[in-house]
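Trainee: I have a structure here, written as structure tokens, and I will follow up with some questions on it.
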Amino acid sequence: MGRRPRMFVPWLVLSVATAVSACREDAPAPETPAAPPATPSAPEGETPSALARTPPPDEGPLPQLRTGMQEPTRLAAVEATLVGQATDGARFYELALPRLGRDTDTLVRVHVDAPVPAVAAIDRQGGETHVILRVPARIPSAATISGTAFLAGDHPEGRSFSAVPFSAAVPATAAVDPALPRRWADAFASDLRGLDRPWWLPEGSHPWREFAAGRVLAAAHGWSRGGEVGGLDGRRLPRTELSTLMHTTTAATSLQEALQHDRGLRLRSDSSPPTVPLSELSPPGLTDHPWDAMIAALPDPAAGTPEPLAAAAPAEFWYVRFDDIRVLLRVLDEADAWLTPVGHVMEERAEVHDLSGRYQRQLGLRRSGMAKALGHTVVDRVAIVGSDPYLREGSDVTFVFELESPTVFDAELARHMDAYRAEIPDIAESTVLHHEHAITVQRDPTGAVRQHRAQVGDLAVVSTSEAACRAVLDAIDGRRRRLSDEKDLAYMLARDPGEHDGFAFLGDRFIAQVVGPAQKVLAARRQLALAELSTPGYAALLHGWLEGEAPADAEALVAAGWLDRDELRHADGQPIDFTPGQGARSSFGTPAALTPLLDAPAPALVTEAEREAYQAFTRDYQDRWRQFIDPVAVRFDLHDEADGARAVVDVRVLPLISGTEYGDLAEIVGQERIEVPAVDEGLQLVWAVGADSELRRELDRSARVLGGKASIGLGWLGDWVMVGTLDRRALVDMLVLVDDAQLYDIQRPAPSKDHRERDLELARAAGKLPVYAAAHVRNPAGLVATLTAIRGTVGEVAPGMVQWGEHARHRDQPIVRVGLDPRAPGEFAQYAEALALYYVQAGDVFAVALDPDVLRIVVDRALDGGAPKRGERGQPQFVMEAHLVEGQASGLAAAWALQGQANRTQTAARTAAEILLRGDPSITTPEQLQALGLAYFGTYPVSASGRSDFILGPHGASDPVHGSMIAPAYPELPVERSPVAGLLARLTGVRASVAFDQEPVRLEPPARSLHTRFELTLGEPRD
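Laid out in structure tokens, this is it:
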């Protein structure tokens, strides 16, 4: 049976360490090695201090990437031949192109210079490549057609693009092909769906592409509303299942693509009436924890720090509390400054939902100046609560402020609303009574502002939702279950007692509500409604593509055949209001902000399809969560320090979910605990290795297979294994040489080089890499036996090829070199000086490195008390620590890695930008593109530098910094004022730890929780 991928890294560490250690020449280590100086254990929850840092050596300037523009190769112009034309509401021209480029090249794009506007489609039927143009009827007949064909090729010297200018004369008379409009539609749909793209070319899928492809096919083939696809049914994508909609808790673009595929083709949707009572849908069969017994088993059941504002939170809501509004605002500012922008460009689709701006408008609040106006003298604590996890699509968000000065608070919120009134027309005020409470509502007709305010004693409630506001008021009054009364919260507070700047909690009742039938059915129906809301905007963009101008109104879309009149209503008959350039609106909201589920009527009946879909969801959920549902507690602290700040996030999840990467890690570490002192540079990862762990058994088997001898094993292995790297320029030297996909994304292709010269250059660079691996030695005699056996095996397998011996001594510890013998035959000899392995046993630490200077630092750490050691209960089982320093290899390597990932998301971003720019040619500014994207898509695209300054040219959508897919630009990294630059300027270090803790109570199976802790070291903020 093959080794599982999750075991690869620690397995590789120990396999390499064991194999090279076989070359040890010095005398066997004593049975009991000298113990390194002891260091005091760090208190639980604190990081053991790092040893005094030794400044890294001055290694000179760091290497740079190859920068500049990579233009497509321009080939000789060709003459095309007009072979057919037709008129059918538009003019169609068919061009035959001569053979272009190399045999392996593929035509991927055609840009038309004249006539304009024109939409070119590539027709590959019959083994020949033709281009079919569609020109709006309002454009005069063309005498000449000209443009550029772009080819993509995967050649021995690398992948590249070529540009071939072409032109064709349009004779006074030409053959008329009545089938040309349908052939153009077929070819255009194929282009939109990327069906004939080279396999290596990234695909820019988008829901609009599916809609547009289907709609032009339906129009060309005469498919009526509610019809079937007929002969082209084989093109149809797998139809979206309701069960898939039930499974997702976020807006899945792939689901919308499938939905828009059907809507574009005018296919029937399921219109069966709801006849099944919701009460017949059974939620996942999971039980509550025995909280009473668990609380009683704690060392101090009353140790928890109270959460007063939890008394204002409904038991089934998520809950976030900050002790000081200034901390909340600071966290939000940090998120907006570097966390959120980095998240945008790193996502599979680099797009912005504008959640911060949306919820501020809906709440009638502005962060600007709020910390100064609403400091701790006005607001004491603040809590944020909500009923579902669908923040991107649209959710209820409610703030509960604990006031010190209600008068100042009211005046500040009035000032915020006055500012919104100056920007958003027709904000009206009304009052709703809820029991004895008056809810003041400020709302505009579009729902951009939807503030609901109420006050109870010293608590001020501000919400985006009337239903949520009522629920919070009922919790305050004790009319409904409150989070403060829930035993899961009481347990988690007492489980990890202490005061913190911030606290967040997802309780059993919240999780049960999210996976319950009512919310799942409503969420699935809302996704279907989103597809209906998106259709008018998609039709408007298709009109812009085909006609070269945005439609005047919805009637123009209906008249053109790109929108059916009944598509201005939802399936349930509710009207959809649409004006081109603005988002469609209905009772479900807009594509940018759907109405919160809590404000929708609870379903009493569901369809049979919905019941089957929910049953499929519950079966899958129960397979993962076999016994209990899970509370999650998050604690947050922000500590100001002399040169910046340190943020600490502590998360506990109960129980540990099976079948996940965390469960796999738990198999490795077993019950072992480790204490890991902080390091002062580079990257280090440490795993505990439990005595009964699967990793230990698997490594033992692998070692015996590797050596072919029973005496080879890992009985010597102690409590931990470790890998790491120092912060040295050799890291980026190696990255520059490695021509992998990541560097292909961030630098121009390298000139070709003789492979033998390149191999030797790579070996020399690898020999300088500052990487190391280490392991704890529990049984030195067992290690010696293993080494002796492996050494004999090496001598038998490669006699005379490998040389080993003592290289140097450091602090009286012999460093042994293992490498090729300079006298080895053939080309092997020249690698002898390029690459070797070095190892040492210092006390109870066995370490391996490629550079002896790196090994010396590892020895110093081990002998000076900087090595990991066995930990105590409550300490972690896996620890990762990384330091990023601007101007050093770590910062540059991080910039390259992050920018490479950001660049890989650009296919989807450029696709969305081109859809918008061609869909409305009047767009001339980034702000206009953002507004149209939010209106039609609910998002807008951003470049790999976090901006929306896309332009449309012959190569497609491009931006000034990174160019386009066909003509990419490679700037120096990090790009100034980009999200990546912002992150590297602010984040200077990360330490993360993971532990799997046994809960105090005796249960069967035993209850375990996942405990993770993150420490972020933040540098000085910059403008």
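Each residue of the sequence shown is one higher than the one before, starting from -8 at the first, in our numbering. Think of the CB as a built atom: it goes at the ideal place given N, C-alpha and C, for glycine as much as any other residue. Values in this document were obtained by computation on a predicted structure and should not be read as measured data.
1. Use the C-beta contact count for Q565: other C-beta atoms within 10 angstroms, 16 or more gives buried, fewer gives exposed.
2. Measure the C-alpha to C-alpha separation of L480 and G498 and round it to an integer number of angstroms.
3. Is the CB of L277 under 8 Å away from at least one CB in chain D?
4. Is the distance from the Cβ of G377 to the Cβ of W309 below 8 Å?
5. On a CA-only basis, which of S1000, R254, G51, P172 is nearest D554? Give me that one, please.
6. Helix, strand or coil for Y84? Go by DSSP, reduced to three states.
7. Express the C-alpha separation of E477 and D449 in angstroms, rounding to a whole number.
8. Taking 7 Å as the cut-off, is the CB of A160 close to at least one heavy atom of the ligand GDP?
9. Please state whether DSSP places D200 in a helix, a strand or coil.
10. Where does L91 fall in DSSP's three states?
11. May I ask you to report which of helix, strand or coil DSSP gives H953?
12. Check Q794 in the structure and name its three-state DSSP category.
13. Considering only residues of the same chain and omitting the five flanking positions on each side of P198, which have a CB-CB separation below 6 Å?
14. Taking Cβ positions, are R206 and L537 nearer each other than 8 Å?
15. Spatial neighbours of Q662 within its chain, please: C-beta separation below 7 Å, excluding the five flanking residues on both sides.
16. Output the boundary residues of the beta strand (DSSP E) element that contains L124.
17. To the nearest angstrom, how far is it from the Cα of A439 to the Cα of R643?
18. Using DSSP's beta-bridge definition, name the partner residues of Q832.
19. Roughly how many angstroms separate the alpha carbons of L272 and A595, rounded to a whole number?
20. Which ranges does the alpha helix (DSSP H) cover as unbroken runs of at least 4 residues, wholly within the segment 295 to 365, from first to last along the chain?
21. Do V625 and V640 count as a contact pair if the criterion is CB distance below 8 Å?
22. Taking all protein chains shown into account, decide if S939 is buried (16 or more other Cβ within 10 angstroms of its Cβ) or exposed.
23. Please classify T1008: does DSSP put it in a helix, a strand, or coil?
24. According to the neighbour-count rule (16 or more other Cβ atoms, all chains shown, within 10 Å of its Cβ), is K363 buried or exposed?
25. For a quick check, are the C-beta atoms of R90 and Q738 less than 8 Å apart?
26. Report all residues from its chain with a CB closer than 6 Å to the CB of R808; omit the five preceding and five following residues, and keep chain order.
27. Between the segment 160 to 173 and the segment 189 to 203, do three or more beta carbon pairs fall short of 8 Å?
28. Across the segment 51 to 67 and the segment 952 to 962, are there enough close Cβ pairs to call them in contact, namely three or more that are closer than 8 Å?
29. Assuming G715 contacts G673 (C-beta within less than 8 Å), just tell me the rounded distance between them.
30. Can you check DSSP and say which residues form a bridge with L183?
31. Would you please state the rounded distance, in angstroms, between the beta carbons of L722 and A838? I believe it to be under 8 Å.
32. For the pair the segment 580 to 595 and the segment 453 to 472, tell me if three or more CB-CB distances fall below 8 Å.
33. In this structure, what does DSSP give as the bridge partners for T422?
34. Leaving aside the five residues before and after A757 along the sequence, list all residues of the same chain whose C-beta is less than 6 Å from its C-beta, in chain order.
35. Can you tell which of D988, R895, M337, G891 has its C-alpha closest to the C-alpha of R864?
36. Got a sec, what are the start and stop residues for the alpha helix (DSSP H) A884 sits in?
Mentor: Inspection of the coordinates gives the following:
1. exposed
2. 7 Å
3. Of the protein chains in this structure there is only one, and it is not chain D.
4. yes
5. The sequence shown places Leu at residue 554, rather than the Asp named in the question. L554 has its Cα closest to that of R254, out of S1000, R254, G51, P172.
6. strand
7. 23 Å
8. No copy of the ligand GDP appears in this structure; indeed no ligand is present at all.
9. According to the sequence provided, residue 200 is Arg. The question's Asp does not apply to it. Helix.
10. coil
11. coil
12. strand
13. Q247, E248, Q251
14. no
15. G681
16. 121 to 127
17. 36 Å
18. F837
19. 11 Å
20. 316 to 325, 331 to 337, 346 to 354, 361 to 364
21. yes
22. buried
23. strand
24. exposed
25. no
26. H798, A827, Y829
27. no
28. yes
29. 6 Å
30. Looking at the DSSP assignment, L183 forms no beta bridge with any residue, so it has no partner.
31. No, L722 and A838 are not in contact; Cβ-Cβ is about 19 Å, not under 8 Å.
32. yes
33. T431
34. L826
35. D988
36. 880 to 895
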